[in-house]
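Quick notes on the structure that follows.
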Amino acid sequence: MAEKEATVYIVDMGRSMGERHHGRPMTDLEWAMQYVWDRITATVATGRKTATVGVVGLRTDETINNLDEENFSNISVLFGLGQVLMPDIRRLREKIKPSTTNKGDAISSVVIAIQMILDYTKTNKYKRKIILVTNGTGTMSDDNIEGIIEKMKEINIELVIMHVFLLIGADFDDAEYGVKEEDKDSRKAENETLLRNLTEESEGVYGTLEQAVSELDIPRIKVTKSMPSFKGNLMLGNPEEYDTAITIPVERYFRTYVAKPISASSFVPRPGTEPGSQIPGEGNVEGDALASVRTSRTYQITDESAPGGKVDVERDDLAKGYEYGRTAVPIEQTDENVANLETFAGMGLIGFIKKDQYDRYMHMSNTNIIIPQRANDNASLALSSLIHALYELDSYAVARLVTKESKPPMLVLLAPSVEADYECLIEVQLPFAEDVRSYRFPPLDKIITVSGKVVTEHRNLPSADLKDAMSNYVDSMDFITTNDEGEPTNDLPIDESFSPLLHRIESAVRYRAVHSSDPVLDPSERLTEFAHPSEEIVKNSQSHLERLMSTADVKKVPPKTKGRKRQRDTEKPLSGLDVDALLSLEPKRTKISTENAIPEFKQTLSRAENIDAIHDAVQQMAKIIETQVTHSLGHSNYDRVIEGLGTMREELVDYEEPVVYNDFVRQLKGKILREELGGDRRELWWFVRKGKLGLIGKSEVDSSAVEDEEAQEFLAAN
Amino acid sequence: MAEDSYAREEENYEDEELDETSFKSVKDAVLFAIDISNSMLKPRPSPDPKKHGDESPASAALKCAYHLMQQRIISNPHDMIGVLLYGTKSSKFYDENEEDRGDLSYPHCYLYTDLDVPSAQEVKQLRSLASPVDADDDVLKVLEPSKEPVSMANMLFCANQIFTSKAPNFSSRRLFVVTDNDNPHADNKGMRSAATVRARDLYDLGVNIELFPISQPGHEFDTSKFYDDIIYKASPSDGDAPAYLQPDTNTSTAKGDGLSLLNSLLSSINSRSVPRRSLFSNVPLEIGPGFKISVNGYLLLKKQEPARSCFVWQGSETAQIAKGVTTLMSDDTGQEIEKSDIRKAYKFGGEQVSFTLEEQQALRSFGDPVIRIIGFKPLSALPFWANVKHPSFIYPSEEDYIGSTRVFSALQQKLLDSEKLALVWFIPRKNASPVLAAMIAGAEKIDENGVQKIPPGMWIIPLPFADDVRQNPQSTVNRAGDALNDAMRDVVRQLQLPKAVYEPSKYPNPSLQWHYRILQAIALDEDYPESPDDKTVPRYRQVHKRAGDYILKWADELKSQASEMFGGSAATSTLVKRGAKIEAAGDHPAKRVKVEDSTSGMEAEVKRCYEKGTVSKLTVVVLKEFLHSHGRATAGKKADLVERVEQYFEKKF
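Going line by line, the protein sequences match chains P and A. The first sequence begins at 1 in the UniProt record's numbering and counts up one residue at a time. The second sequence begins at 1 in the UniProt record's numbering and counts up one residue at a time.
Below you can see the structure in the form of structure tokens.
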């Protein structure tokens, strides 16, 4: 459970906050609110009721507070401590505007904030915080400042003061940010000292807004407390059977675990509201024009005798089961676990392997750490000896891990990790036999010909020159990482890299909550820092890259010539025999037969000497396809139809004869819609759409007269 | 629920490329064509007479087909497989009748298992044919060879018709030809050219012929005699990537011994069991600004899970799977809604913050797919722990950039030689979220049968972001002294795996295999197997035999170091269970393992209670502790715990 929080934001809303400075496009108040909104929405995003926020306006036109004294005039409590919800954000957005006055005492507002926190949190355990954002131009009285400091220390409030920079003579000194205004107004200088004193005495933080805003785009990482995913015994040998077995009680925690972006839920617009838009402001207190979505599930079985071939069945009449091939295997409720392997929790060592014999790409999962059971000195001593033995032998251990009774076993690899003040085993899952798919690829350093001859010089193999150029380029492009002292390290930039999607969605949601009508923002620079090599690296390696490029002589394939044409020469058997010649001798093959339609269609096209021959082939094919549709029982022939149609389209695109195809597919659509091909065939059109087998548009083949929009419409129209 | 299925959709999306450019359905159909002839049926003796190893080429081929069928039920449950025997005396093709002999379309072709997703019955039938010892005569009659030769053209056209009608529009269709006859129509030019024409038909249909040649004793299979005219350079379904042409079964099948024939055929067929499907294709690999080549991505390592359970309807004669249909309704009105009406919104401050579909997409978009190198680092910079998921494998493609292969090869060789990795910004496909990844080179690996195990190429290992790194929890460090480390080193040395490598093929997933083994037994109404064949269980006897003495030495050292470090408090317990004699001697009778001091006596106590039948007198705390230390679940009421403890002892004794 996270700690309860009570944070009060004091926002200086004085008239001077409405001015623009330093060439910033926004007013000081708007600028300051970037920071405040970021903090408030970050709290809202947690969705926690116990993370409470209060907002106090300083130098407001009105006076709204409980302390009915003159000292506390022009200070308004805009939002009392509590959980902030969307309507509150909208209300606050309305209220926080520059006032027409510069009156109001910052110190007094701090007193009010202290009082608010005291009233709200009483003596309960809370993380208490006051954040004051001001440009420090107002009057401040230092009466009883010691008393305030005393009080804050007593109830343990952290005070954060963020300062807005002003251009003329009023900037606060900040040695770190290198800003120091020379002719400082004396009152502001006093205020500065006062506030700095206040924060220092109460052990708070004193900072500038410049810095605060510049740090907004550093993603905040959510720290998750890990729970053990396994508590049990690490065993070598079987303690139940042999008296020479080692058992070490251990615990297992995540070392890495992918943080997922917040997930969206499904909604539908409520009738009568504009989808996707939310009207900001008071007028729409309800705010949500969306209704949530429910799902209901029904079950169907195939029954040829029923209309539509399908019947609904009750969920209660169904048994749980599995598919074995195309056989359905029901499992009786009584032995529901029969297909589960019986296992017991534990981590059993299988054997040891050499570090240098292991391929790093075999890592299959996130990683975990294995540490000794808590408060078990013997276990930590025993595990330590295993860790060090592995470390000294450059070895890893392979183990079988079952995290809970009846869970499937995993095979894991255990590597020693020894740091100055920490020791553990790092664990990662290994692939089982079934997890390895063998796809085979030719060697990259030699070519083996059909006859088994080994060739080392080939257009697909790098020349000595190319290898040399590559080597130089790679060596010139070291990715530099440094430690805090600026010394180079041998690390990957993991600590500085942030999940782009996670943080982008999170900040977009928070931004949208406050600025409902703004468009979504581009990802912050910090998130895409590693999207490109750094300028420095690029500069250093420039000359090597140029040489590499000229040696490599890589040519981009123009999009139009992509595809089959280029591979015509591979359409020969290994022997290189000219089968086309044999085909033309086949007397039978003048007409395309139904049963061998696709090959014969392709072959006819490749032999065609004029457009008429192509027309003829398409006609024949069209007839075959239409017959298949007409004779299809339900959708039984649809796959064949789609294959035929797809082949025709592909070939005619290759032969750049879009018109022939387009004419045919137009006719086909007409016939389908008029139900001339054996009744209702709309489902087939759905397949055509899915396969994108509509008109061939201009973007595919230049000579087509069909605009892409028309092609789109043709598919879509029903 | 909706969210659930949405997440699942996304996950699947990760899995295999959704090829939006193709009208074909991403499925695979494999038809075995097994040559049945006298030489194919002649058993080849095993060199070791004690072992069962008499295997004829035909039975080896059938065993491979059976093996592949079983394997595909697990790994590719929607793909098809079939077995066509050719050269048989009898013929069978769908509803054609044996009696109208004159009218047979495909004489001497016997479609034993129709091309389909296999049913349990078909698995059984194929099994009986593959192990003729238990098969009855009817089955064996099928394997009788014909006296007259079969026409190869006819066989190929038969296969053509099977593919055309049973697997239309599949993205991958493959004909596995297993034969020992390298020259079927040696003296008939007409038959021969007819066969080459039919082979071309198959090529144009998109069927890939893969040959598994078996050499006859004393005669090398020579593909140039006939099959080089039948087989094509590029696979029609994967025309882009170069075909792997290295013959692999040839050399080892010539030796003539049955077992090695089976093994090499198995390994060769296994290596082609799945069609090459890409995870992403023609993604630019940007080596430097303005310098791109194209690569394809593949998933060579992927966790294989058992298929989800489903609901079965048993009202009809054969059980059938009930298909779930989800309808979406508005919570407000209860009306059914279309998928296109759905808006995605995030819960925030008690309301929903919504984005339009276009905005949603814009938020997810970080640019076009790319693998962009941003620098190089020594391989040693990649820590063992920096991993979040399985890697992707990439191999060059000439589709977009001519010259990609040679550049890729130069880079791969350089990274191998210099032991470097490339740091890359990786967006595998449109709208996929980008990751920072380590790209490492992998060398080709060949198994003992000369079959490629791991292809040469490069691997992309996604790195964790700072968000994904968890802090180490607190832990006490009691560093072991040198003597203890030395003792453990001796233990580790004794228990190295063969060749000190991890070899995945030796460890089938026990729960996956068991799951399907049981399903098969239920489906065929057979007895359940007694116990699983679990290769992942450590070899306890070997540990005892090889390392037992060293372990005892380590235990003694541990005891002395512990008493030195922690004083008397820990001295009574040890991590190693000693013999029963010691157990009987002391006041603290049992000392199995448990290092928590309190539990050292617990073991014996529980055992005593079991023997007296008074387990139920023990407290819940003790019962739970006992169960936990034996890897048993500790959930449930006291009665459950007692039962589980009793079960534990019953099983043991």
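No residue lacks a Cβ here, since even glycine has one placed at the ideal position from N, Cα and C. As the structure is a prediction and not an experimental result, all values here were calculated from the model.
Chain-ordered neighbours of residue i on chain A, where CB pairs are closer than 9 Å
i         : result
P/Met-621 : By Cβ distance, chain A contributes nothing, its closest Cβ being about 13 Å from P/Met-621, past 9 Å.
P/Phe-498 : Phe-465, Ala-466 and Asp-467
P/Ala-291 : Ser-330, Asp-331, Asp-332 and Thr-333
Spatial neighbours of residue i in its chain, beta-carbon cut-off 7 Å, leaving aside the 5 residues before and after
i         : result
P/Glu-683 : His-635
A/Asn-431 : Gln-361, Arg-364 and Ser-365
P/Ser-99  : Met-13, Gly-14, Arg-15, Arg-59, Thr-60 and Asp-61
A/Cys-310 : Ile-321
Bridge partner(s) assigned by DSSP for residue i
i         : result
P/Cys-424 : P/Ser-417
A/Thr-327 : P/Ser-296
P/Arg-682 : Answer is none; P/Arg-682 lacks a bridge partner.
A/Thr-88  : A/Pro-145
A/Ser-260 : In DSSP, A/Ser-260 forms no bridge with anything.
A/Cys-310 : P/Gly-321
Simplified DSSP assignment, three categories, for residue i
i                      : result
A/Glu-646              : helix
residue 663 of chain A : For residue 663 of chain A there is no data in the structure shown, the boundaries of chain A being 1 and 653.
A/Arg-493              : helix
A/Trp-385              : coil
residue 719 of chain P : The requested residue 719 of chain P is not part of the displayed model; chain P covers only 1 to 718.
P/Ser-99               : coil
residue 719 of chain P : With chain P running from 1 to 718 in the structure shown, residue 719 of chain P is simply not present.
A/Ile-582              : Any reading at A/Ile-582 needs caution, since the residue's pLDDT is 30, under 50, leaving its predicted position unreliable; the model's value is listed next. Residue state, collapsed to three classes: helix.
A/Phe-566              : helix
P/Lys-260              : coil
A/Lys-347              : strand
P/Ala-291              : strand
Within chain A, partners of residue i - CB distance below 7 Å
i         : result
P/Glu-434 : Ile-74, Ser-75, Gln-304, Pro-508, Asn-509 and Leu-512
P/Ala-259 : Asp-467 and Asp-468
P/Val-579 : Thr-196, Val-197 and Arg-200
P/Ala-508 : Leu-363
P/Asn-337 : Correct list: empty, because the minimum Cβ distance to chain A is about 10 Å.
Distance, residue j Cα to residue i Cα
i         : j         : result
P/Pro-330 : A/Gln-314 : 8 Å
A/Pro-378 : A/Tyr-298 : 25 Å
A/Leu-484 : P/Thr-244 : 16 Å
P/Leu-341 : P/Gly-325 : 20 Å
A/Leu-115 : A/Gln-125 : 14 Å
P/Phe-601 : P/Met-410 : 52 Å
P/Ile-130 : P/Ile-157 : 7 Å
P/Val-8   : P/Gly-82  : 10 Å
Close Cβ partners of residue i (< 6 Å) along its chain, the five nearest in sequence each way excluded
i         : result
A/Leu-85  : Ile-34, Ile-36, Tyr-110 and Tyr-112
A/Met-65  : Note that residue 65 of chain A is Ala in the sequence shown here, rather than Met. If we look at A/Ala-65 and ignore the five residues flanking it on each side, its Cβ neighbours are Phe-32 and Val-83.
A/Ala-130 : Leu-62, Lys-63 and Tyr-66
Spatial neighbours of residue i in its chain, beta-carbon cut-off 8 Å, leaving aside the 5 residues before and after
i         : result
P/Gln-333 : Ala-319 and Lys-320
P/Ala-42  : Arg-220 and Arg-510
A/Val-312 : Ala-319, Gln-320, Ile-321 and Ala-322
A/Glu-646 : Tyr-610 and Val-615
Chain P residues whose Cβ lies nearer than 7 Å to that of residue i
i         : result
A/Asn-208 : Correct list: empty, because the minimum Cβ distance to chain P is about 13 Å.
Proximal residues of chain A, C-beta to C-beta of residue i below 8 Å
i         : result
P/Pro-488 : Neighbours of P/Pro-488 on chain A: none; closest Cβ ~11 Å, over 8 Å.
Cross-chain neighbours of residue i in chain P, by beta carbon under 9 Å
i         : result
A/Lys-377 : Asp-478, Phe-479, Thr-481, Asn-490, Asp-491 and Leu-492
A/Cys-609 : Residues of chain P passing the Cβ test: none, with the nearest at roughly 18 Å.
Proximal chain P residues relative to residue i, where beta-carbon distance stays under 8 Å
i         : result
A/Arg-489 : Ala-389, Glu-392 and Leu-393
A/His-67  : Per Cβ cutoff of 8 Å: no residues; A/His-67 is ~12 Å from chain P at best.
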